[in-house]
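First the structure, in the form of structure tokens, and then the observations on it.
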Amino acid sequence: MRPALLIAGAALTLSSALALAQGAPESLLPPGFNDPAPTPAPRPSPASKAAQPRPAPAPSPAPSATVSAPVIQPLPSQSPAEPPTPTSTEEQGEGTLKRLPSLDELARMTPEDFQELLGLKPDFDMPSGARRAMVNVGLIDESEGGLAGDVLARQNGRLVRASLAGNRGTLVSRWGHILLRRALASRLDAPHGMTPQEFLALRVGLLLRMGEPDAARAIMQDINAGNYTPELNAIALNVYADNSDFTGICPVMAAQTADREEPQWTVAKSMCSAFRGNGATAAAQLERYRVRGIMPRIDLLLAQKYAGAAGRSRRAVTIEWDDVTDMTPWRFGLSNAVGVEPPQRLMNDAGVRYDYVTAVAPAVSLSRRASAADRAGATGVLSSAAMVDLYGQLYADPDITGDWSDRAEKLRDAYVLEDPSARLAAIRSLWEGAAGKPQTYGRQVLTARAAARMPVNAEMAESAAPLIASMLAAGLDANAMRWADVVEPGSEGWALLALANPNGSARVSNGDIATFIDSDESDRARKSAFLVAGLAGLGRISADAVNDYASDLGINLGGETRWTRAIEGAARNGDEVTVAYLAGLGMQGTSWSQMTPRYLYHIVSALRAVGLEAEARMIAAEAVARV
């Protein structure tokens, strides 16, 4: 009888107290482009921005129910109060004990479990002035190089949604990747017809698919945990898993008490509980999950090892990979977090996305990061400076020997040797040691600044094209233009400079273009087709010349599709954000062989029209260099 009385007494006390308390680009377009959409209000073109005052931003919409706001106690009514209407248990809301737990359940409950039982959210006591509004969410302000934050307020939300949700994250262009990352990370208002949370979830999801977990996490952390919605909760765990930062999700889990059925969410809650000091309870929960098999055994073992780092039990957990046949973001992130290197057989078939994450993972060994750096550099995940820094760490570590030590030594030689011919030999050695085309371009990113230090003379003319391509891979166009008087007109080096020239009024000789086309040995003369498309998009050859060359090369730059209409419309309205999103959508693929001259022309033309000419020039030059 006594336990029953205790339970009844506990229930009475709680209830009374709480009652007060790419294949081909044309085939990559997602659904949505066929739907009719309201025409957005025209926006001044970049050329007229200086002459016209900037339009005032549209008034912010009323905050949704998920936006944090100070809780204000309403004043009592002046009229006689009506007697309260009895309500059922389901209608009583927060603070009502809907189920009486047993004494054993109470003993095992964490504070968060008890809050969930009561339907309460923790009170973080955050003053209203410290709460961040759900406007201009992102990392880079327009004054810091980000894109304009207010342009999407007048844009059709369906178009933006289709552009982001339909992008698989793999782009043929390094500079396209860099531009899209910048557009996703800018401080932006949500487009018309889309909530800030949905827009944020779409941006963060695409960043993850692009292999940019650091940027994705930073953007997620720009909003308060109390503003999370189910769609943000669903993606938050993936963000922190890709960063091997499983405790980073804990504040979100503490603020979001709604039950989620995903096994990963359940297991992550136990890991968070361990790091809040409930190590014994968390260990018991994870062991029960392992016995019940709510997740694959390897995933639970890694979770137990991670949670064990916070406790005092020092229980040994042996990680066995024998029966594991594939790699997932969850087990990859946990492996990095606990310092366990997955078997190479799993990583060989894991996909290039894991190379991008490995290249920026601080807990991974230098040799593993270096192995992934070539692909990450070629894609745009790593900058040239970041790659040089990584090789500098390889050179300074006495424990690094073998091939990586030799490559770090070669990069040093490319910078410090006195003889220019010896420096060029070191640079070429790094290029030629790459495993394939993407890796070779990644090595050109690595050597960009060493290439910029090479003397400009006729003796180096034969190596001008790859040296110029290397400089342009890092955006060193001013250094590359020093070779303008050395390269042979009509050569590949000349073609790269014709596209990369920052002088927008520069015209290109038709005779030099003809010479380039005649000597082009690329498959189906694709270098020539991309050269003509790029020059046309930059406005550096006449319309008649474009038609003549297009006819000779058998290409059509003027064909119209739903995508071309959309990107042209965004360009006319001066909407650089939507242009960047649509450009990324049109550049999907694993190699430049999947890009068409027509799409390149429209991308370069639209970027130039909205004031992103530097990106347009680099993308056009990259197309000729890499095809």
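Here UniProt numbering is used: position 150 in the sequence shown is 150, and no number is missing along the way. By construction, the Cβ of each residue, glycine as well, lies at the ideal position given by its N, Cα and C atoms.
- Per the Cβ contact rule, the segment 404-422 is not in contact with the segment 598-615 (fewer than 3 Cβ pairs under 8 Å).
- If you draw a straight line from the Cα of residue 371 to the Cα of residue 252, it is about 34 Å long.
- Shown here, residue 155 sits in coil according to DSSP, grouped into three states, outside any helix or strand.
- Remark: C-beta atoms of residue 592 and residue 627 approach each other more closely than 7 Å.
- Here residue 392 is exposed, its C-beta having fewer than 16 other C-beta atoms within 10 Å.
- Looking at the DSSP output, residue 192 sits in a beta bridge with 156.
- The residues 598, in chain order, have a CB closer than 8 Å to that of residue 559 in the same chain once the five nearest residues on each side in sequence are set aside.
- Check the Cα spacing between residue 388 and each of 399, 482, 414: the tightest is with 414.
- Boundaries of the alpha helix (DSSP H) harbouring residue 175: 174-185, taken from the DSSP string.
- In the three-state DSSP reduction, residue 417 falls in the coil class, being neither helix nor strand.
- Annotation for residue 446: the continuous alpha helix (DSSP H) segment containing it runs 437-446.
- A direct Cα-to-Cα measurement between residue 363 and residue 209 gives close to 21 Å.
- About 26 Å separates the beta carbons of residue 352 and residue 306, which is beyond the 8 Å limit, so they are not a contact pair.
- Taking 7 Å as the cut-off, the Cβ atoms of residue 394 and residue 404 count as close.
- Residue state for residue 171 is assigned as strand, using DSSP reduced to three classes.
- Note on residue 527: 16 or more other CB atoms within 10 angstroms of its CB, so buried under the neighbour-count rule.
- Judged by their CB atoms, residue 243 and residue 217 are nearer to each other than the 7 Å cut-off.
- In the DSSP assignment, residue 588 is bridged to 171.
- Among the bridge pairs identified by DSSP, residue 140 is matched with 186.
- Check the Cα spacing between residue 534 and each of 562, 504, 149, 265: the tightest is with 504.
- Residue 134 carries a coil assignment under DSSP once its states are collapsed to helix, strand and coil.
- DSSP places residue 534 in the helix class (H, G or I) of the three-state scheme.
- Taking a 10 Å sphere around the C-beta of residue 466, we find 16 or more other C-beta atoms and assign the residue as buried.
- The shortest CA-to-CA distance from residue 245 to any of 271, 224, 262 is the one to 271.
- In this chain, the alpha helix (DSSP H) harbouring residue 266 covers 263-275.
- In the structure shown, the three-state DSSP call for residue 454 is coil.
- Per DSSP, residue 401 is not a residue of any alpha helix (DSSP H), being assigned neither H nor E.
- In the three-state DSSP reduction, residue 501 falls in the coil class, being neither helix nor strand.
- By the beta-carbon neighbour count (other beta carbons within 10 angstroms, threshold 16), residue 457 is exposed.
- Secondary structure note for residue 624: its alpha helix (DSSP H) is the uninterrupted segment 613-626.
- Leaving aside the five residues that flank residue 556 on each side, the residues in its chain whose CB is nearer than 8 Å to its CB run, in chain order, 550, 598.
- In the three-state reduction of the DSSP assignment, residue 102 falls in the coil class, being assigned neither a helical nor a strand state.
- Distances from the CA of residue 488 to each of 519, 346, 473 were compared; the closest alpha carbon is that of 519.
- The C-beta of residue 416 has fewer than 16 other C-beta atoms within 10 Å across all chains shown, which makes the residue exposed.
- Inter-residue distance for residue 247 and residue 300 is about 16 Å (C-alpha atoms, whole angstroms).
- Contact between residue 335 and residue 366 is absent: CB atoms are separated by about 17 Å, not below the 8 Å threshold.
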